[in-house]
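Asker:
4 protein chains.
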Amino acid sequence: MIKEYKISEIKNIKLNGRSTDCLEPYTLFWTGSGFEVNVKGRELWVEIEADYEEQEPWFTVLINGAPVLRQMAPKGSNKICLFRSRNPEEIKNVRFIKDSQAMHDDEKCMLSIHSLITDGVFCSIDERKLKIEFIGDSITSGEGIFGDTKEEDWVSMFFSGVYSYAALTAEKFKADYRIISQSGWGVLSSWDGNTANAIPKYYEKVCGLLTGDRNKKLGATDDYDFKKWQPDVVVVNLGTNDCNAFEMPEFTYTIEDFENEVIMFLKKIRKYNPKADIIWGYGMLGYKMTASITRAVNAYTLETGDKKVHFINLPNTREGMFGSRQHPGLKSHKQAAEVLSDYIMGMI
Amino acid sequence: MIKEYKISEIKNIKLNGRSTDCLEPYTLFWTGSGFEVNVKGRELWVEIEADYEEQEPWFTVLINGAPVLRQMAPKGSNKICLFRSRNPEEIKNVRFIKDSQAMHDDEKCMLSIHSLITDGVFCSIDERKLKIEFIGDSITSGEGIFGDTKEEDWVSMFFSGVYSYAALTAEKFKADYRIISQSGWGVLSSWDGNTANAIPKYYEKVCGLLTGDRNKKLGATDDYDFKKWQPDVVVVNLGTNDCNAFEMPEFTYTIEDFENEVIMFLKKIRKYNPKADIIWGYGMLGYKMTASITRAVNAYTLETGDKKVHFINLPNTREGMFGSRQHPGLKSHKQAAEVLSDYIMGMI
Amino acid sequence: MIKEYKISEIKNIKLNGRSTDCLEPYTLFWTGSGFEVNVKGRELWVEIEADYEEQEPWFTVLINGAPVLRQMAPKGSNKICLFRSRNPEEIKNVRFIKDSQAMHDDEKCMLSIHSLITDGVFCSIDERKLKIEFIGDSITSGEGIFGDTKEEDWVSMFFSGVYSYAALTAEKFKADYRIISQSGWGVLSSWDGNTANAIPKYYEKVCGLLTGDRNKKLGATDDYDFKKWQPDVVVVNLGTNDCNAFEMPEFTYTIEDFENEVIMFLKKIRKYNPKADIIWGYGMLGYKMTASITRAVNAYTLETGDKKVHFINLPNTREGMFGSRQHPGLKSHKQAAEVLSDYIMGMI
Amino acid sequence: MIKEYKISEIKNIKLNGRSTDCLEPYTLFWTGSGFEVNVKGRELWVEIEADYEEQEPWFTVLINGAPVLRQMAPKGSNKICLFRSRNPEEIKNVRFIKDSQAMHDDEKCMLSIHSLITDGVFCSIDERKLKIEFIGDSITSGEGIFGDTKEEDWVSMFFSGVYSYAALTAEKFKADYRIISQSGWGVLSSWDGNTANAIPKYYEKVCGLLTGDRNKKLGATDDYDFKKWQPDVVVVNLGTNDCNAFEMPEFTYTIEDFENEVIMFLKKIRKYNPKADIIWGYGMLGYKMTASITRAVNAYTLETGDKKVHFINLPNTREGMFGSRQHPGLKSHKQAAEVLSDYIMGMI
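Protein chains in written order, with the numbering used here: chain A, 4 to 351; chain B, 4 to 351; chain C, 4 to 351; chain D, 4 to 351.
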């Protein structure tokens, strides 16, 4: 018999992505957020609630590890079928993953999970052995993975939380992962030189870069409780937008300012993730900040004695590897995931 | 200003797939059916109507050639957004493609298009220079392209009208294509020896293998008017299920019966497609019927003098190329599309 | 201590390729001929004897399965080092393989093995479990695998006995293989319509298509003793040159003549290889003879009741897959080897 | 008519690799050394002279860009045929490339070119627009590109001057290239901690790491005249062996010593190559020295103000990419060449 379960009623559910403790509903703030269940039953539906002004949320569903469904979240509350007519005796692993990023510029943009509906039962889920946090910009948000190479419009349709180097790297380790990322932002400033749009400023909040009253009520601007989920590895992929800012004549900050921000951000990450290996992985859209980032990483290590901070170049996106909006396409993300996961493998 | 247009009101729309003349609504019977528009506007929605008992319809949407959305059609009438927030001055090419096949066993299964809703205008669409008709079984229905390799349930979720060798071959030529296919069926009989479930019996109808009153009213069992769309090439990929029938001890037909059906089917195809090259492409799930099919094709040519009938082996699906349900996966479909399109290229 | 061993003195040597019983020296007539030894020692040399007028012989050496050396055989007797300075305690598997084909047009062309020279010992060689004979034309001779795509000269340098679909198929099964092939030749006639240059005419001889007194003395024109090496599988890849002959206006034979020759050749192959599966694999340079070959194969089976004769299309060479002289390159040979070995795997 | 030409008599010849001015004979010291000619003629031979105690020289010949021949250089003077029986009216581009490295440990090892023999004429050779110098260890020497993955013996057979990342990178730019490399050596010391075996110590000599009287007479230990060939780019791929030295308990040097050597080596390279971009490319066999190398590169830049010195990680060799002797195989070298040539492309 089909029955509806609030998220808070389901014991065997894994909730992914940085969020609050609220389960009624459970809000998906960041790219790659979602839930995972193992359902022994004939069918499964999810009730989601969505809103937006400009940028509608997108999500992908994987059944037994294979992506089968990718769609826009319609406005309002909707029941979406995730599978039907299946053998009720078999357990289906289902992962619901938010494809679009937290939207700084659209305070109405919202996606939350209210309930699951099934004729079956929720079975236990194996603990994953590794936890990875990714911090980045549009590259880490998977911008440009979908869409034709000629596309220029900045729309949520072209983002992916499933095929990015971050998701692919996590997949190689069957790791839990969380993504903190914003298109156009950097360490010191955004691509257009706005120092308010810097990831480090919001790192300690649940999803502090969101705006508007509703996001505030949902807890986006609350302090994030790092103790609940301590990553084994933190990957930072930032610097690409800062590089652009330095090419703007009116930008008055210096490369030393950037390096100081890198150092301070490393200290902040270390503060909240005392045991993690921290990898600064950089290069997927050009290598120009390599010298500066390595100077900062080396200076941080010299100052703190912290040996668990690493730098590695991720390979640049080459001709034939681009997706839409001059961003890395799937081939580039796969290449970066191979280099990065090999690095992590050699480290852990 | 957003406005709703009935399909019959839209001049610049291309309707794909074998169907009736009815446009209010336009029914998508077969895999690969759908519509194509070029929209200069900010957003586009489609109103679809769907129904099902067991097997819900699935569809994929391609924007400027790139697949961005793949979802289940929910029961009833629904407005689905295909794009939003786009540059209103640019033309977006949009293709809506049915992923799931005509469902012989689910008389309620239905998908139709009522209207398009946009703030923009519908621009002209370039005529495609080649027309290809594909006739086949589950392979041509793209069964197994989606889903994990371990999946065993027969559900519409695992079918694709976008990544099958048929769709990929058409794509190489930027050709119009229509697909007549049914999972489990063959030339003489279905995989389990039921001679009622044979594609040639229904070739002359719009979608004659559908059942139930509603499908009848929709025109599925009407005679199909071949004159409206004359393919340049007809590809037949049948024989795989017949092969299985011959392995059943209770199956009393002979291999000569099969060959006679092949000959009669070729005559029927030729009758309705007088100018087309006809290619029997076979082998993606084993080569056992090669001798029998070539005997029949050669006998047909000898009897009729028809030189425009061809046989070619499509490469078998090898280890590592399988999708779900022991069916060809994407790698196998790509391989077959390369061989088949090379063949067509050398022929036309 | 370095010592020279005549071939007849070495117990643990495997001699490959169709040849005579003569071991002093052992003559390599066909593509893919050669020897295999397992040497526990520091170094190994071979004494070869070669001659030629126009087309010098080429050979490749594989050490532990990896090709390391490929060179022209210089005129006269020469000692060639195959490895040096190796760990004397380890066994090295060494295979010497003739890359260039038997040369019908150069009666001086000759390559033979006189002796091996080593400080080590010859260890036992594992028996290979499958034997495959390949019969073909330039494709089976590996013509065009070496050399730039723009090369037009017909020279032995561009042939390979190591990277052809035949060698690659054998490698997949770790099978023994023998190759009977001649560039330009066919079943009924050569590419230019000369019915004297037809492989079936010489199938019963050791290497009957060679000319001149020396080849006669070497035993090339002797009857071949098929009993000594009975293949499990015979692959025939012929028809491509016959196809060309039919396009010459002065060629007076009919397609029925060709089909009769195919039938007679199948009977001849069956006579000498009573237990083998015979596969006619065709298509690597065009599919035009498919109908004709399948008619002949089917007629042969009908007449003889022989069920162990098969037809399969090998995929055509597509753009980007060509080697030199408009012949299949390595990618095409790999593709054909995958399809063919998959076929054999399903059959044995 | 066949005629022999001393190297000094041939105007249209390009001599590659760091060497002396002596042309009678022309000695090939380093990996990748050799010559290039464009011959309009029927055949071409080369007279080489070789010697060795333990490690024989190997070479590869490319005709019109395609490798066709790879063999050991036999002891003494030998005439080797490079092509025969060709269309005498066509120009053949021929490149002779030394595959094995300069052999520090075998003072007898030697390969030189005495003359070319042809019936044709030597035509002009296009100037290449870019010059690249590569400085490295076994990776740059192409060690392990040939041979089975299980091979452990250190022998010259397994080296390649044609398929290394250095050669492949040069090929992408159709660039002239020179390679200065020695297996096992580093910046401060060799893999086993011997500071005599450091590349910078010998950088100013023609091939100063060679030993013995003959090499001295040949000019290996002479000062090298950098003015004759000024590279546009210098790539340094060193640090892998230094990393190993630091893991040896008896090694008393510090990481600061290593970094000082890097800085001093950069100064030395800059002194002799005033206009070149210098790229330190590192990581193909592990990333452990990244922090140390970037510290040194950054310190060098800070001290000198030299902005044309770059650091980039080349991707590590991953499972399935290894060649023999646990060294990078062809896949790894291709991957590194893609990353490196993309870097150079973005820089020049």
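Where is the CB? At the ideal position from N, CA and C, for every residue including glycine.
Excluding five sequence neighbours on each side, which residues of the same chain lie with their C-beta closer than 8 Å to the C-beta of C:I351?
Answerer: L133, D235, V236, D280
Asker: Going by DSSP in three states, A:T63 sits in which element: helix, strand or coil?
Answerer: strand
Asker: Check each residue of the region 192 to 206 of chain D: if its Cβ is closer than 7 Å to any Cβ of chain C, include it; give the result in chain order.
Answerer: none
Asker: Considering just the uninterrupted stretch of the beta strand (DSSP E) at D:F86, what are its terminal residues?
Answerer: 79 to 86
Asker: Quickly, what does DSSP pair D:L52 with across the bridge? List them, please.
Answerer: According to the sequence provided, residue 52 of chain D is Glu. The question's Leu does not apply to it. Per DSSP, D:S80, D:S115.
Asker: Here's a check: name, in chain order, each residue in its chain whose Cβ is nearer than 8 Å to the Cβ of D:G289, leaving out the five neighbours to either side.
Answerer: T243, C246, N319
Asker: Considering D:Y275, what are the terminal residues of the alpha helix (DSSP H) in which it resides?
Answerer: 258 to 275
Asker: From which residue to which residue does the alpha helix (DSSP H) around A:S335 run?
Answerer: 333 to 350
Asker: Per the DSSP calculation, B:R298 is bridged to which residue(s)?
Answerer: Looking at the DSSP assignment, B:R298 forms no beta bridge with any residue, so it has no partner.
Asker: Can you check whether the C-beta of A:M160 is within less than 8 Å of a C-beta belonging to chain B?
Answerer: yes
Asker: Taking just the CA atoms, how far does C:D54 sit from C:D109?
Answerer: 10 Å
Asker: Checking contacts by CB at 8 Å: is C:C84 closer than that to chain D?
Answerer: C:C84 has a beta carbon lying within less than 8 Å of a beta carbon in chain D.
Asker: List, in order along the chain, the chain D residues whose C-beta lies closer than 7 Å to that of C:I69?
Answerer: Looking at the sequence shown, residue 69 of chain C is not Ile but Ala. By Cβ distance, chain D contributes F149, G150, D151.
Asker: Out of curiosity, what's the CA-to-CA distance linking D:A340 and C:D24?
Answerer: Within the model, the alpha-carbon separation for D:A340 versus C:D24 is close to 50 Å.
Asker: Report the residues of the region 108 to 137 of chain C with a CB closer than 8 Å to any CB of chain B, ordered along the chain.
Answerer: none
Asker: In three-state DSSP terms, what is D:P203?
Answerer: The answer is helix: DSSP assigns D:P203 an H, G or I state.
Asker: Can you tell me where the alpha helix (DSSP H) holding C:L171 begins and where it ends?
Answerer: 168 to 176
Asker: Between the alpha carbons of A:L114 and A:N218, how many angstroms are there, rounded?
Answerer: 11 Å
Asker: Mind checking the region 303 to 334 of chain A against chain D and listing, in chain order, the residues whose C-beta falls within less than 8 Å of any C-beta there?
Answerer: T304, H313, F314, I315, N316, P318, N319, R321
Asker: Give the secondary structure of B:Y290 by DSSP, where H, G and I count as helix, E and B as strand, and everything else as coil.
Answerer: Three-state DSSP puts B:Y290 in coil, outside helix and strand.
Asker: Do we get a CB-CB distance below 8 Å when we pair B:E50 with the residues of chain A?
Answerer: no
Asker: Assign D:R217 to one of three DSSP states: helix, strand, or coil.
Answerer: helix
Asker: With a threshold of 8 Å, are at least 3 pairs of Cβ atoms found where one atom belongs to the region 189 to 205 of chain D and the other to the region 246 to 256 of chain D?
Answerer: yes
Asker: Less than 8 Å between CB atoms is the rule here; does B:M106 satisfy it with respect to chain A?
Answerer: no
Asker: Would D:F176 pass as a contact of D:S344 if the rule is Cβ separation under 8 Å?
Answerer: yes
Asker: Does B:C246 come out as helix, strand or coil in the three-state DSSP assignment?
Answerer: helix
Asker: Can you tell me whether B:I183 sits near the ligand COA, meaning its C-beta is under 7 Å from at least one heavy atom of the ligand?
Answerer: This structure does not include the ligand COA; it has no bound ligands of any sort.
Asker: What does the Cβ neighbour count give for A:K153, buried or exposed, with the cut at 16 atoms within 10 Å?
Answerer: Counting other Cβ atoms within 10 Å of its Cβ, A:K153 stays below 16 and is therefore classed as exposed.
Asker: What residues from chain A crowd round B:D156, counting only those whose CB sits closer than 8 Å?
Answerer: S88, R89, N90, E93
Asker: Where does C:L72 fall in DSSP's three states?
Answerer: strand
Asker: Identify whether A:F254 lies in helix, strand or coil by the three-state DSSP scheme.
Answerer: Note: A:F254 maps to coil in three-state DSSP.
Asker: Do the region 72 to 89 of chain C and the region 165 to 175 of chain D make contact, defined as three or more Cβ pairs closer than 8 Å?
Answerer: no
Asker: Under 8 Å between the Cβ atoms of A:L119 and A:G189?
Answerer: no
Asker: For the structure I just gave you, are there three or more beta carbon pairs, one from the region 12 to 21 of chain B and one from the region 323 to 343 of chain A, closer than 8 Å?
Answerer: no
Asker: What do you get for A:K95, buried or exposed, if any count of 16 or more other CB atoms within 10 angstroms of its CB means buried?
Answerer: buried
Asker: Taking the alpha-carbon positions, what's the C:D140 to C:L269 distance?
Answerer: 16 Å
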